[in-house]
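K.L.:
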Amino acid sequence: MGVGEQPRRTFLHARLVALAAQQADAILVALRRARMPFDITVTASIGTCTGPLRREADWKRMYCDADRALFAAKAAGRDRVRDAQSLAA
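The letter at position 33 of the sequence shown is residue 50 when you use this note's numbering, and the numbering goes up by one with no holes.
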């Protein structure tokens, strides 16, 4: 790893986490604003996870982490987003 490469990777990962959260929040906002028939309210719980996908094991780990984040969002109440990184902290 070259000089300065780790801080750049850390920054890029943090940016991906923030982007995933922004996209998830945008989905929740769109659902809140959507006009539904018969006075129906639609909510969503969203779990996000980011990371490198180099091997099949990475995919399986990320899938499980995202699933864990989804269940954390559900446990926190309706209309929530949780990221797997925040659960590890």
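Backbone N, C-alpha and C define an ideal beta-carbon position, used for all residues, glycine too. Note that this is a predicted model, so its numbers are computed, not measured.
Is it buried or exposed for residue 32, if we count other Cβ within 10 angstroms and need 16 for buried?
P.N.:
By the neighbour-count definition (other C-beta atoms within 10 Å, threshold 16), residue 32 is an exposed residue.
K.L.:
So, residue 57 versus residue 41, is the Cβ gap smaller than 8 Å?
P.N.:
no
K.L.:
Starting from residue 75, trace the alpha helix (DSSP H) in both directions and tell me its first and last residue.
P.N.:
73 to 93 is the extent of the alpha helix (DSSP H) around residue 75.
K.L.:
Could you check whether residue 60 and residue 96 sit closer than 8 Å to each other, using their CB atoms as the reference points?
P.N.:
Yes, the Cβ-Cβ distance between residue 96 and residue 60 is below 8 Å.
K.L.:
Would you kindly report the start and end of the unbroken beta strand (DSSP E) that includes residue 56?
P.N.:
Note, residue 56: premise wrong, no beta strand (DSSP E); not H, not E.
K.L.:
Contact defined as beta carbons within less than 8 Å: I believe residue 100 pairs with residue 34. What is the distance between those atoms, to the nearest angstrom?
P.N.:
6 Å
K.L.:
If distances are taken between C-alpha atoms only, which option among 55, 50 and 105 comes closest to residue 86?
P.N.:
105
K.L.:
State the Cα-Cα distance for the pair residue 52 and residue 82, rounded to the nearest angstrom.
P.N.:
Whole-angstrom Cα-Cα distance: 32 Å.
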